[in-house]
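**Q** In the working numbering, the protein residues as written are 15 to 215.
Encoded structure:
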């Protein structure tokens, strides 16, 4: 896909999806700074938002501060804990709503996630809003249909710069991200994706 400096770009990062993909595949952490640099690609950055889950112990402050210093607006959501101990924390609907609200001000929307639940959103942005949609994710855990439908795809696993290589033990701040693992549904059955787009103001 041709990229040029006049394109207005919005970047939406599903932090939990990226965190768990990197941990499961490489036992590494993600360099969100490098992701932001690649996503912008010398174009006009209008908005960069990182969507994360608030932990039970609320130890996320240093992590949020780090993302903010890197240029992200950070949105937090409480971790849902159900009877029986089941936990849920995802931003699918919230990211979709923000993308649709921003679309009229953007030429390109970069979704940093491999979750196949974003397929309806990608289609809507392309066909109804006239936006180009780029996907950045780890190919091994990314929905194959999401890759096919995107106007451009960046495989984060193909370049070491997107991973943090360190012998240090995982920081306490990483607990902010340990909520909802990217499910295997992305690789198994894209045909049964639910239509999750909901437009609210």
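Ideal placement from N, C-alpha and C gives every residue a C-beta, glycine not left out.
Keep in mind it's a predicted model, so treat the numbers as computed, not measured.
#1: Can you check whether the C-beta of residue 62 is within less than 8 angstroms of a C-beta belonging to chain C?
#2: For the beta strand (DSSP E) containing residue 59, list its first residue and its last residue.
#3: I want to know whether the region 171-180 touches the region 141-159 - three or more CB-CB distances under 8 angstroms.
#4: Under 8 angstroms by Cβ, that's how I've got residue 47 and residue 24 pegged, so tell me the actual separation to the nearest angstrom.
#5: Please confirm if the region 121-130 is in contact with the region 83-93, defined as three or more CB-CB distances below 8 angstroms between the two stretches.
#6: Helix, strand or coil for residue 142, going by three-state DSSP, please let me know.
#7: What do you reckon, are the CB atoms on residue 67 and residue 110 nearer than 8 angstroms?
#8: On the three-state DSSP scale, how would you describe residue 48?
#9: Please report how far the alpha carbon of residue 127 lies from the alpha carbon of residue 161, in whole angstroms.
#10: Taking all protein chains shown into account, do 16 or more other C-beta atoms lie within 10 angstroms of the C-beta of residue 15, making it buried, or fewer, making it exposed?
#11: Let's test the definition: count the other Cβ atoms within 10 Å of the Cβ of residue 106 and tell me whether it reaches 16, buried, or not, exposed.
#12: Among 32, 117 and 59, which has the Cα closest to the Cα of residue 171?
#13: Out of curiosity, what's the CA-to-CA distance linking residue 145 and residue 117?
#14: Would you kindly work out how many angstroms separate the C-alpha atoms of residue 199 and residue 130, rounded to a whole number?
**A** On the basis of the data shown:
#1: Given the protein chain composition of this structure (a single chain), no chain C is represented.
#2: 58-68
#3: yes
#4: Actually they do not touch by this definition, with Cβ atoms about 18 angstroms apart.
#5: no
#6: helix
#7: no
#8: helix
#9: 11 angstroms
#10: exposed
#11: buried
#12: 32
#13: 7 angstroms
#14: Any reading at residue 199 is ruled out, since the residue's pLDDT is 45, under 50, leaving its predicted position unreliable.
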